[in-house]
Each structure stands twice: as C-alpha cells, then as structure tokens.
Amino acid sequence: MKIATWNVNSIKARLPNVVAWLKKAAPDVALLQELKTVEDGFPFLELEELGYNCAVAGQKSYNGVAVLSKHPIEIETKVLPGNDSDEQARYLEAFTGGIRVASIYLPNGNPTPGEKFDYKLAWMARLIEHARGLMALDEAVILGGDYNVCPTDADVFDPAGWADDALCRPESRARFRELLWLGYTEAFRTLHPDAARAWSFWDYQRGAWQQDNGVRIDHLLLSPMAADRLVACEIDKGPRGQQKASDHTPVWCELED
DNA sequence: ATGCCCGGAACGTCCGGA
C-alpha cells in the first residue's frame with residue numbers, strides 16, 4: 032500500500048501536474064495540501080476518473096486539504112480538535128484502505144516572533160494532544176502533510192541563515208519531537224538516516240530549485256502499527272522539475288500488506 | 001536592506017507562502 036503526501040499549491044492551477052503524477056506514481060492514498068479552493072471548486076470529476084475517491088476540507092483562497100484514495104473513504108473529522116473558533120482548513124482525518132490517515136497543513140508561522148508564530152505553536156500543541164489520543168487506539172495511523180518544520184539542521188540547505196525562521200526555530204522543533212516521543216515514526220529519516228540534501232520544498236525565488244537550495248518539511252508520521260509495516264519511503268523530485276510546478280514535491284511511503 | 005517567484009482575488013496591487 033503506497034501512501035503519498037503533496038502540497039500542490041492550488042489544486043486548480045496544478046491539476047495537470049497532479050493528474051500526470053497520479054497516473055505515473057499511482058499511490059493508493061494521496062494526502063494533498065494547500066488546495067486554495069472551497070470544496071465546490073475541487074476537481075472531483077477529473078480525479079474520480081483516475082479511480083480516486085476524494086474527501087475535501089476546503090477554504091476560499093487559502094489552505095485546504097484533501098484525502099484521495101482508491102479505497103472507500105470514511106471521514107472522521109475535517110477540523111483539528113481543540114479550538115472551535117479556528118476556521119482555517121488545515122486538517123482532514125479519515126479511514127481508508129484499513130488505515131487511519133490525516134492530511135495536515137501545519138501553519139507556516141513566519142514572521143517570528145508574532146501572532147502567526149503563536150498560532151503555529153498553539154496549533155502544534157493541539158496536534159500533539161490529538162495525536163496522543165490516536166496513539167492510545169493502537170491503530171495503523173499515518174499523519175502526513177506539510178508540517179512546515181525542518182526537524183534538524185540536516186533538513187535545511189542553510190541552517191545558519193534559517194536559524195530564526197519559524198520552520199527551524201527550537202520551539203517548532205521541540206513540538207515536532209514531542210510528536211515523535213508519543214511513539215510516531217518519521218518515515219523518511221528513519222529509513223534514510225544519513226541522507227543529505229534530501230529536500231521536499233524549493234522556493235520559487237532566488238533560483239532555489241536550480242541551485243538545489245531546499246528544505247525538508249513534508250513528513251509522514253506513522254503509528255507503531257503502521258511503522259511495523261513500513262518497507263520504503265522516498266521523495267519524488269520529478270514533479271518539482273516540471274512546467275508550472277508546485278514549490279513542494281511528493282513524499283511517499285510503502286506499507287506491506 | 002529589500003525584492004526576487006507564484007497563486008488568488010481582483011483589475012490596484014497586496015497578501016500569504018517558506
């Protein structure tokens with residue numbers, strides 16, 4: 032079973048790229064982020080034609096997450112618990128193909144310090160508490176998405192230059208580690224402990240892609256029941272080199288049946 | 001020191017992204 036995550040940076044602008052990649056990579060489950068549309072604007076027909084069921088938590092202009100699956104999808108929640116006044120579409124949790132998955136678009140948090148950074152840290156605290164509850168269920172769970180966190184300096188092309196960025200701040204990294212301490216396995220680094228310059232995002236600016244100046248911020252976190260089945264995890268750089276590319280590229284993992 | 005590059009909303013240019 033192949034599960035992928037990809038921040039597409041607008042599902043409408045990226046539809047040709049997404050369709051081409053789904054055909055080629057053929058994941059069983061795809062967790063998408065930054066749809067930048069309400070549910071009514073989501074291209075259900077085009078994706079269903081490829082054999083995918085689609086669950087969407089949409090928002091006008093910003094955010095928006097989806098779960099695509101070749102299996103039936105049962106939506107668990109379209110909001111991250113813990114703050115009823117939070118209207119940003121950044122979390123969708125569902126059952127599909129015998130596992131529980133969440134598509135996560137964690138807040139960026141820049142600039143630091145400030146309200147946006149406070150929102151990021153509060154959002155991460157809510158995610159930790161929810162993830163703690165999921166861990167107690169003893170299920171196969173994959174929390175995948177754009178975490179907007181570089182877990183260590185090995186996940187940034189220029190650690191010194193990014194030291195004060197919200198993606199690298201110690202407060203962000205500490206909360207990411209709290210997720211791991213709950214018992215979640217970050218699939219890519221676990222299978223590739225020494226991988227260098229393994230990025231999942233390259234800025235559109237400053238020729239970042241051409242110079243391979245990136246960061247690794249898209250992650251797949253697996254509960255023990257899922258991690259026990261983990262046999263592969265890779266970053267697919269192909270889509271980032273295409274015309275009209277998203278600034279993120281897909282990350283996928285394979286669970287044995 | 002600031003903007004560069006994108007998409008969305010809107011039709012001016014700004015906001016948000018990371």
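First residue of the first sequence? That's 32 in the working numbering, and the numbers climb one at a time after it. We treat Cβ as the ideally placed atom computed from N, Cα and C, and that holds for glycine. These figures come from a predicted structure and were not determined experimentally.
Residue 107 and residue 202 have their alpha carbons spaced roughly 29 Å apart. Within the segment 122 to 182, the runs of alpha helix (DSSP H) that reach at least 4 residues and sit entirely inside it are, in chain order, 146 to 166. When the alpha-carbon of residue 268 is set against those of 213, 160, 282 and 49, the nearest one is in 282. Per DSSP, residue 240 lies in no alpha helix (DSSP H) and is assigned neither H nor E.
DSSP places residue 33 within a strand segment (E or B) once states are collapsed to three. Going by DSSP, residue 205 is part of the alpha helix (DSSP H) stretching over 201 to 212. DSSP places residue 49 within a helical segment (H, G or I) once states are collapsed to three. Between the beta-carbon of residue 113 and that of residue 146 there is about 18 Å, and that puts the pair past the 8 Å contact cut. Within the segment 59 to 127, the complete alpha helix (DSSP H) segments at least 4 residues long are 75 to 79, listed from N- to C-terminus.
Secondary structure at residue 232: strand, using DSSP grouped into helix, strand and coil.
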